[in-house]
Amino acid sequence: MNPAYLAACLAGAIVLTVESVQQFRKPGKSVAFDRFSILRGVEIGALCTLGERVRGAAFYVGIYLLIYAGLLGSERLLQMFVALSGEHAGPTGSSFLPDNSLTVNGLNFGKPFYIATLIMVAMVSGVLAPLERFIRSVAHRAANIPNGVFRIVEDLDRFEFPDYLDSAAPARDRFRLLSGFDHRFPDGTGWNTPSDRQDLRGFLKQIDVLHAAVIGAGRYRFFSTATTESLSDVHDLLVKSYEKLCEDLDGLKTDSPEAQTRFYQAAVDLCENMKAIFAVQFIRNGRSLTALPAQPNNPRDRLYGRLNGHLRSNEEANADALLGATLACAMGSFLAASFIYWLFVRFVLGLGVFPPDVLKSIVTQSIGLAITGATLSFFSGFFALLIRDIRREQGKWAAWNPRFPPVSRLVGTVVLPGVVGMAFVGLALLLQDLAFGYVATMDQMRDFLQDKWRYLLFFAPLGACVSLGVLIATDQHDNLIASRTILVTLAALVPAVVLALICVLIAVPNFTSAQEGWAWAIWYLREALFLLMPLAIFLISYAGLLEMSEKRKHLAAAAVAGEG
Numbered sequence: 069m070n071p072a073y074l075a076a077c078l079a080g081a082i083v084l085t086v087e088s089v090q091q092f093r094k095p096g097k098s099v100a101f102d103r104f105s106i107l108r109g110v111e112i113g114a115l116c117t118l119g120e121r122v123r124g125a126a127f128y129v130g131i132y133l134l135i136y137a138g139l140l141g142s143e144r145l146l147q148m149f150v151a152l153s154g155e156h157a158g159p160t161g162s163s164f165l166p167d168n169s170l171t172v173n174g175l176n177f178g179k180p181f182y183i184a185t186l187i188m189v190a191m192v193s194g195v196l197a198p199l200e201r202f203i204r205s206v207a208h209r210a211a212n213i214p215n216g217v218f219r220i221v222e223d224l225d226r227f228e229f230p231d232y233l234d235s236a237a238p239a240r241d242r243f244r245l246l247s248g249f250d251h252r253f254p255d256g257t258g259w260n261t262p263s264d265r266q267d268l269r270g271f272l273k274q275i276d277v278l279h280a281a282v283i284g285a286g287r288y289r290f291f292s293t294a295t296t297e298s299l300s301d302v303h304d305l306l307v308k309s310y311e312k313l314c315e316d317l318d319g320l321k322t323d324s325p326e327a328q329t330r331f332y333q334a335a336v337d338l339c340e341n342m343k344a345i346f347a348v349q350f351i352r353n354g355r356s357l358t359a360l361p362a363q364p365n366n367p368r369d370r371l372y373g374r375l376n377g378h379l380r381s382n383e384e385a386n387a388d389a390l391l392g393a394t395l396a397c398a399m400g401s402f403l404a405a406s407f408i409y410w411l412f413v414r415f416v417l418g419l420g421v422f423p424p425d426v427l428k429s430i431v432t433q434s435i436g437l438a439i440t441g442a443t444l445s446f447f448s449g450f451f452a453l454l455i456r457d458i459r460r461e462q463g464k465w466a467a468w469n470p471r472f473p474p475v476s477r478l479v480g481t482v483v484l485p486g487v488v489g490m491a492f493v494g495l496a497l498l499l500q501d502l503a504f505g506y507v508a509t510m511d512q513m514r515d516f517l518q519d520k521w522r523y524l525l526f527f528a529p530l531g532a533c534v535s536l537g538v539l540i541a542t543d544q545h546d547n548l549i550a551s552r553t554i555l556v557t558l559a560a561l562v563p564a565v566v567l568a569l570i571c572v573l574i575a576v577p578n579f580t581s582a583q584e585g586w587a588w589a590i591w592y593l594r595e596a597l598f599l600l601m602p603l604a605i606f607l608i609s610y611a612g613l614l615e616m617s618e619k620r621k622h623l624a625a626a627a628v629a630g631e632g
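To convert, take the position in the sequence shown, counting from 1, and add 68; that gives this note's numbering.
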């Protein structure tokens with residue numbers, strides 16, 4: 069590359085970096101903490117350390133620099149695709165555009181600045197605000213900055229908190245608020261609103277369980293960042309609220325409905341704030357509790373171990389299912405494609421003996437198909453889960469009924485993962501051609517783009533179908549039996565069938581001798597099957613692995629209940 073052009077690219081990157089840092093320092097407007105009174109009006113930067121903010125800024129800037137590099141590279145590829153004629157090709161096969169005042173050897177010095185300026189204008193003006201919020205959210209998540217706490221709070225609400233750490237333990241080792249409430253109002257005697265009693269007991273249980281990890285001595289052990297200055301103010305507020313609630317309980321009268329109502333509201337508010345700060349600490353600590361022994365001896369550590377497993381179970385189950393399904397997709401696609409190729413060559417082309425070059429072609433094409441399908445499935449599924457998890461933490465991903473799916477939300481979520489999957493498929497295909505020596509010059513790069521661009525475009529909607537199936541399986545596997553989960557997941561491939569048939573018709577060349585009649589029809593169906601088969605294997609494996617993890621979770625819960 070021309071050194072002067074490289075200097076222009078670096079200068080554009082520096083300008084973009086400075087503006088990205090300034091943009092990252094602005095508070096995000098998409099984060100809603102209004103549910104939790106202790107976090108109202110608190111900026112995200114006040115909940116994390118300087119090191120965490122620096123890491124977040126580094127990820128944020130890095131993503132924009134990747135976009136900048138991608139646009140620069142895309143512009144050069146498009147230039148090759150459109151302008152390269154070969155008439156003025158140099159020794160490496162690259163052509164040169166006519167020189168003008170802004171170009172040296174056909175390289176426009178102004179383009180890096182134009183692209184960097186375009187990105188900055190879109191960033192600052194809010195034209196692409198949803199994309200900017202997504203990039204910010206990804207950077208926050210990568211740096212463990214609490215951009216949202218709703219997912220952790222929802223998981224806390226679903227956790228089965230026990231009434232006591234140990235039913236046989238002495239009173240001093242039991243939960244302070246819950247035991248005090250049960251002692252003061254045995255079986256609800258003297259409590260004026262019986263309908264609220266069980267809800268109140270649930271709130272008091274959550275406060276008692278989370279107390280040690282949020283404002284008690286346990287926070288120094290469970291959370292490595294809990295003692296930082298950024299959370300000291302909110303911790304002080306929680307301590308005062310907790311002590312005030314204990315004093316109110318000690319003086320609570322059985323003949324004062326107004327006082328009981330105030331106590332109820334104070335307990336609700338403290339419980340919500342306790343869960344919110346626990347979630348902030350949990351996220352900043354890498355979404356995990358630390359210093360938990362592998363085999364805890366005391367009831368409190370056993371309880372926190374179960375709580376930690378509960379909060380991490382869904383995320384770990386999704387990640388394990390994604391990796392397992394990708395591996396199954398790669399292996400299954402290779403074996404199935406090899407078998408289908410063998411059947412086609414044996415019975416359609418009529419070859420009784422397979423020469424070495426035919427066997428080599430079958431193996432290499434099957435490997436390429438396995439890599440392509442696994443790449444599309446993994447990255448489309450990964451980014452779909454990432455967007456879903458970010459929106460859950462921000463309280464923007466509600467549960468839904470499969471009979472009435474949120475079409476606009478699902479469709480809006482799967483577009484970006486589909487495009488990302490397509491980009492990685494293009495990279496995988498290019499690396500394969502580079503590895504086999506098919507692309508070594510600029511002319512060959514142009515031929516690669518001309519041959520593959522229509523084919524590649526179809527991978528964006530195909531990746532969106534994979535993302536849709538991943539979201540359906542992730543959201544519905546807890547509510548459906550295994551067979552029904554797999555069926556509704558595969559329903560996401562219905563549009564993919566039409567896409568695959570169209571793709572083969574207009575974007576896949578037929579280099580075989582099966583050019584007409586039934587032989588062509590079989591070839592046509594074979595190519596469509598090659599597009600659909602990896603996606604189906606991936607989604608079936610993903611849904612099945614999620615169901616297996618759900619079964620293991622139920623067995624573990626039953627074992628815990630049996631021990632209790």
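Glycine residues also receive a C-beta, built at the ideal position from the N, C-alpha and C atoms.
| Item | Value |
| --- | --- |
| Distance between beta carbons of Phe-290 and Tyr-372, contact taken as under 8 angstroms | 7 angstroms |
| Top-ranked residue by Cα proximity to Lys-273, from Thr-557, Asp-250, Ser-476 | Asp-250 |
| 8 angstroms Cβ shell around Leu-320 - same chain, five flanking residues per side excluded | Arg-252, Ala-327, Gln-328, Phe-331 |
| Reduced DSSP category for Glu-615 - H, G, I as helix; E, B as strand; rest coil | helix |
| Spatial distance of Arg-355 from Tyr-73 (CA atoms) | 44 angstroms |
| The region 482 to 498 contacting the region 446 to 455, beta-carbon criterion three pairs below 8 angstroms | yes |
| First through last residue of the alpha helix (DSSP H) which encompasses Gly-441 | 424 to 461 |
| Below-8 angstroms beta-carbon distance, Arg-226 vs any chain E residue | Any reference to chain E falls outside this structure, which holds one protein chain only. |
| C-alpha gap between Val-639 and Phe-407, whole angstroms | For the chain, the structure presents residues 69 to 632; residue 639 sits outside this window and is missing. |
| Status (buried if at least 16 other CB within 10 Å, exposed otherwise) for Tyr-506 | exposed |
| Inter-residue Cα distance where the pair is Leu-107 and Leu-613 | 38 angstroms |
| Validate contact between the region 459 to 473 and the region 397 to 411 using beta carbons, cut 8 angstroms, 3 pairs | no |
| Exposure of Leu-317, with buried meaning 16 or more beta-carbon neighbours within 10 Å | buried |
| DSSP three-state assignment for Phe-218, whether helix, strand or coil | helix |
| Cys-116 in three-state terms, based on DSSP | coil |
| Beta-carbon proximity check, Asn-212 vs Arg-352, cutoff 8 angstroms | yes |
| For Thr-85, the first and last residue of its enclosing alpha helix (DSSP H) | 71 to 92 |
| DSSP state of Ser-98 mapped onto helix, strand, coil | Any reading at Ser-98 must be qualified, since the residue scores a pLDDT of 45, below 50, and its modelled position is unreliable; no value is offered. |
| Extent of the continuous alpha helix (DSSP H) run through Val-572 | 562 to 575 |
| Own chain, CB closer than 6 angstroms to Trp-259, minus 5 neighbours either side, in chain order | Phe-253, Arg-265 |
| Simplified DSSP assignment, three categories, for Tyr-506 | coil |
| Opening and closing residue of the alpha helix (DSSP H) in which Leu-419 lies | First-last for Leu-419: undefined, no H or E at that position. |
| Straight-line gap, Thr-553 to His-545 (C-alpha atoms, nearest Å) | 6 angstroms |
| Host alpha helix (DSSP H) of Phe-402 (start-end) | 367 to 411 |
| contact_flag[the region 433 to 446, the region 190 to 205] where n(CB pairs < 8 angstroms) is 3 or more | no |
| Cα-Cα separation between Phe-243 and Phe-350, rounded to whole angstroms | 22 angstroms |
| Among Ala-559, Glu-595, Gly-585, Leu-390, the one whose alpha carbon lies nearest that of Cys-571 | Glu-595 |
| Exposed unless 16 or more other CB atoms sit within 10 angstroms - verdict on Gln-583 | exposed |
| CA-to-CA distance, Arg-269 to Thr-695, given in whole angstroms | Residue 695 lies beyond the residue range present for the chain, which begins at 69 and ends at 632; the question has no answer from this structure. |
| Assigned secondary structure, Gln-583 (DSSP; H/G/I helix, E/B strand, else coil) | coil |
| Straight-line gap, Gly-392 to Ile-605 (C-alpha atoms, nearest Å) | 11 angstroms |
| Residue range of the unbroken alpha helix (DSSP H) whose run includes His-637 | Residue 637 falls outside the range modelled here, since the chain spans only 69 to 632, and no answer is possible. |
| Proximity below 8 angstroms, CB of Val-534 to CB of Leu-607 | yes |
| Spatially closest choice to Phe-526 from Asp-369, Gly-489, Asn-376, Ser-324, by CA coordinates | Gly-489 |
| Whole alpha helix (DSSP H) elements within the region 469 to 553, 4-residue minimum | 475 to 503, 510 to 525, 527 to 544 |
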